[in-house]
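Working notes, structure below.
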Amino acid sequence: MTKIRVRFAPSPTGPLHIGGIRTALYNYLFAKKYNGTFVLRIEDTDQVRYVPGAETYIIDSLRWFGLLPDEGPEFGGQVGPYRQSERKDIYREYADLLVSRGHAYYAFDTPEELESMRESNPTFKYDNKSRNTLKNSLTLPAATVESLMEKNDDVAIRLQMPVDQVISFDDEIRGHVSFDTNELDDKVILKGDGMPTYHLANIVDDHLMQISHVIRGEEWLSSTAHHVFMYACMDWTPPAFAHLPLILKPTGKGKLSKRDGAKFGFPVFPLSWDSDHEEDNFTGFREDGFLPEALINFLVLLGWSPGNDQELFTLSELCEAFSLEKIVKSGARFDIEKAKWFNQHYIIQSDNLKLAYLIQNKVIAAGYHVTVEYIADVCGLMKERVHKTDEILDNARFFFEPPGTYDDNTISKKYKPEYSFHLKSMAESLMICPENEIEATIKGYIAEKSLKAGDIMSLLRIAVSGSMQGPDLIQSITLIGNNECASRIIRAADYFEKSVS
Ligand code: GLU
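Put into structure tokens, the structure is as follows:
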């Protein structure tokens, strides 16, 4: 069997969209399942769209998810360099080979000329019909071509798509796919500045890096026809292709875009991204309180199904279960509620101390000086009640400071004038009772004075936390400390008295 080698080949044009992570994930899983190699290749030949920091962002994101490449920039490997800008000199030879074999030609049209053609004809395509009327080595006399080549160092090479042919290939997901060459344009493969375009660099590198399977987004399907054509012209065996279904917006038509995060109120990038333009700043899933293992589980099911009811998978289970055959053709709708459901599951499964380290900076930034062990105990009490880690602090401020407001609605329903005295006496007993007798002290007092337990427990909860929501009251009091809670109860009793009278 051929050695499985797959690659994730993002362009560093900005932060990596969550759809890109799914592509990386599927490549990673496919490699691991077959003991293959997962390569990271940075496709940075388009200098105009290059964004500094994007490559670091891509690598940091892969690290956060634990999808570590076996080969790539920063990871090493035998077939590098893994940044296309560092491979610039490799590509010309192959572009020249295509020209010499009659599958590509020199094009002399200036960007301005092409632009004005597009302006006068919006459907203009440089293809096997229009090329006969344009300035290139197919239409101009050999002597003119030679002199243009000599004085011009800005000559592009274009692929010469054949006339009236069908290019087909078998896609692992979409089955047999065919393209009519009359519909395909003569793509530029080498630009005037000597840089290859995506198409040439992509196939040359997939060949030289011995890639066995190209697993990428559906938007590259029509380019694959050009790629298959180039493989044939080079006499190379193409890799297998698998084009992944789109990730769709939560509602309506179209694929999930980077602006949808702001529109629907959830992240679409793994990590936060800061840029000079405010509209291009994005909060990441990590900073929003998601765990990478939850997102992996969520993402893998956006387009793949195990064929049974199992929904929860660890990364190593996925390495076993994953297969290209179970990837669906239709687009998968992005459902943030499902992502939160997975996140809640993984938060509950997480070790309390791990959660504490995740939110520790936020706790410190909020001005609370507590030990990480204390935060871990708070996480232990709160984790069943949140969907995102940052909600632990947001919903549990009372573990760090006395409540600033009280639930007046419940107070007005539960409070009776004699309760102020009882709450204060109970607080006094709490102050001197040992930690393991908090429950007995409270319940004993209620029984002894024949008070209505429902009323008193509600008022105690409000005194300690400000609201009716929260984890077990006795456990909360134990963690906050009986002394601190006693003073909260005394203060609240005064408030209740004033607010109801
Ligand atoms: N550089 C392309 C991208 O940014 C890669 C497409 C491919 O995997 O061939 O998505």
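Residues 47 to 547 (our numbering) make up the sequence shown, in order.
For each residue, glycine too, the CB sits at the ideal point set by N, CA and C.
Close Cβ partners of Tyr-491 (< 7 Å) along its chain, the five nearest in sequence each way excluded: Your numbering for residue 491 matches position 445 in the sequence shown. Excluding positions up to five away in sequence, the list reads Met-472, Ser-475.
Alpha carbon of Ser-513 to alpha carbon of Ile-502, nearest angstrom: For the purposes of this step, residue 513 is taken as residue 467 along the sequence shown, with counting starting at 1. For the purposes of this step, residue 502 is taken as residue 456 along the sequence shown, with counting starting at 1. Roughly 14 Å separates the two Cα atoms.
Cβ distance (whole Å) where Ile-213 is taken to contact Ala-271 below 8 Å: Translated into positions along the sequence shown, residue 213 becomes position 167. Translated into positions along the sequence shown, residue 271 becomes position 225. Yes, Ile-213 and Ala-271 are in contact; Cβ-Cβ is about 5 Å, under 8 Å.
8 Å contact criterion, which Ala-115 and Leu-86 should meet: CB distance rounded: The residue given as residue 115 occupies position 69 in the sequence shown. The residue given as residue 86 occupies position 40 in the sequence shown. It should be pointed out that residue 115 corresponds to Pro in this sequence rather than to Ala. Indeed they touch by this definition, with Cβ atoms about 4 Å apart.
Whole-Å CB distance - Ile-526 paired with Ala-509, under 8 Å assumed: Translated into the one-based positions of the sequence shown, residue 526 becomes position 480. Translated into the one-based positions of the sequence shown, residue 509 becomes position 463. Incorrect: roughly 11 Å between the Cβ atoms, too far for contact.
Arg-177 (DSSP reduced to helix, strand or coil): The count along the sequence shown starts at 1 and reaches residue 177 at position 131. Looking at Arg-177 - three-state DSSP - the assignment turns out to be helix.
Assigned exposure category for Gln-390 - 16 Cβ within 10 Å defines buried: Walking along the sequence shown from the start, residue 390 turns up at place 344. Per the 10 Å Cβ criterion, buried.
CB contact flag (Thr-69, Ala-77, <8 Å): Walking along the sequence shown from the start, residue 69 turns up at place 23. Walking along the sequence shown from the start, residue 77 turns up at place 31. No, they are not a contact pair.
Candidates Gln-515, Ile-488, Leu-497: closest to Ala-532 by CA position: For the purposes of this step, residue 532 is identified with residue 486 of the sequence shown, where counting begins at 1. Selected option, being the one with the closest Cα: Ile-488.
Closer than 7 Å: Trp-387 CB and nearest the ligand GLU heavy atom: As a position in the sequence shown, residue 387 is number 341, starting the count at 1. Not so, every heavy atom of the ligand GLU lies at least 7 Å from the Cβ.
Length of the line joining the Cα atoms of Asp-226 and Asp-210: Here residue 226 corresponds to residue number 180 of the sequence shown, with the count starting at 1. Here residue 210 corresponds to residue number 164 of the sequence shown, with the count starting at 1. Cα-Cα distance, rounded: 7 Å.
Segment contact flag, the region 425 to 445 with the region 382 to 400, C-beta cutoff 8 Å, min 3 pairs: yes
Selection from Tyr-452, Gly-330, Phe-359, Asp-334 that minimises the alpha carbon distance to Asn-14: Outside the displayed span of the chain (47 to 547) sits residue 14, for which this structure offers no information.
Simplified DSSP state of Asp-232, which is helix, strand or coil: Taking the first residue of the sequence shown as position 1, residue 232 is located at position 186. If DSSP states are grouped into helix, strand and coil, Asp-232 belongs with coil.
Through-space distance from Leu-337 to Asn-529, alpha-carbon basis: One-based indexing of the sequence shown puts residue 529 at position 483. One-based indexing of the sequence shown puts residue 337 at position 291. The alpha-carbon atoms of Asn-529 and Leu-337 are separated by roughly 36 Å.
Runs of beta strand (DSSP E) wholly within the region 242 to 307 (minimum 3 residues, chain order): 259 to 263, 286 to 290
Ordered list of alpha helix (DSSP H) runs contained in the region 309 to 375, each at least 4 residues: 338 to 346, 361 to 367
Backbone CA spacing between His-63 and Val-201 [nearest angstrom]: Counting from one through the sequence shown, the residue named residue 63 turns up at place 17. Counting from one through the sequence shown, the residue named residue 201 turns up at place 155. Their backbone Cα atoms lie some 34 Å apart in a straight line.
Contact check, Ile-261 vs Leu-290, beta carbons under 8 Å: Sequence index remark: in the sequence shown, residue 261 carries index 215 (1-based). Sequence index remark: in the sequence shown, residue 290 carries index 244 (1-based). Yes, the pair counts as a contact, with Cβ atoms nearer than the cut-off.
Bridge partners - His-222, DSSP secondary structure assignment: For this step, residue 222 is matched to residue 176 along the sequence shown. His-222 is bridged to Asp-216.
C-alpha gap between Cys-279 and Phe-310, whole angstroms: Sequence index remark: in the sequence shown, residue 279 carries index 233 (1-based). Sequence index remark: in the sequence shown, residue 310 carries index 264 (1-based). Spanning the two alpha carbons is a distance of roughly 46 Å.
Distance cut-off 7 Å: Arg-95 Cβ against heavy atoms of the ligand GLU: Translated into positions along the sequence shown, residue 95 becomes position 49. No.
With 16 other Cβ atoms within 10 Å as the buried cut-off, status of Ala-402: The residue you call residue 402 lines up with position 356 of the sequence shown. That one is buried.
Tyr-96 - DSSP class collapsed to helix/strand/coil: Taking the first residue of the sequence shown as 1, we reach residue 96 at position 50. Note: Tyr-96 maps to coil in three-state DSSP.
Endpoints, beta strand (DSSP E) assigned at Tyr-152: Position 106 of the sequence shown holds residue 152. Its beta strand (DSSP E) spans residues 150 to 153.
Touch test, the region 312 to 319 against the region 251 to 260, Cβ-Cβ under 8 Å, three pairs minimum: no
Closer than 7 Å: Tyr-244 CB and nearest the ligand GLU heavy atom: Taking the sequence shown and counting its residues from 1, one reaches residue 244 at position 198. Yes; taking the cut-off as 7 Å, the Cβ of Tyr-244 has a heavy atom of the ligand GLU nearer than that.
Bridge partners - Leu-404, DSSP secondary structure assignment: Start at 1 with the first residue of the sequence shown, and residue 404 comes out as number 358. BP columns for Leu-404 are empty, so no partner.
For Met-163 and Phe-154, believed in contact at Cβ under 8 Å, the rounded distance: Working through the sequence shown from its first residue, we reach residue 154 at position 108. Working through the sequence shown from its first residue, we reach residue 163 at position 117. With 8 Å as the limit, Phe-154 and Met-163 do not qualify as a contact, their Cβ atoms being about 14 Å apart.
Residue(s) in a DSSP beta bridge with Asn-182: Within the sequence shown, numbered from 1, the residue matching residue 182 stands at position 136. For Asn-182, which the question treats as bridged, DSSP gives the partners Ala-153.
Delimiting residues of the beta strand (DSSP E) encompassing Phe-54: In the sequence shown, residue 54 corresponds to position 8, counting from 1. Counting along the chain, the beta strand (DSSP E) containing Phe-54 begins and ends at 51 to 54.
Ile-88 - partner residues in DSSP beta bridges: Position 42 of the sequence shown holds residue 88. Ile-88 pairs with Arg-129.
Neighbour-count burial assignment, Ala-499, 16 or more Cβ in a 10 Å radius: Position 453 of the sequence shown, counted from the first residue, corresponds to residue 499. Looking at its Cβ environment, which holds fewer than 16 other Cβ atoms inside 10 Å, Ala-499 is exposed.
C-alpha gap between Asp-106 and Ser-146, whole angstroms: In the sequence shown, residue 106 corresponds to position 60, counting from 1. In the sequence shown, residue 146 corresponds to position 100, counting from 1. Computed Cα separation, rounded: 43 Å.
Any non-hydrogen atom of the ligand GLU closer than 7 Å to Glu-89 Cβ: As a working note, residue 89 is residue 43 in the sequence shown. Glu-89 Cβ: within cutoff of the ligand GLU.
Pro-62 (DSSP reduced to helix, strand or coil): Counting from 1 along the sequence shown, the entry for residue 62 is found at position 16. Reading off the sequence, residue 62 comes out as Leu, not Pro. Coil at Leu-62, not helix or strand.
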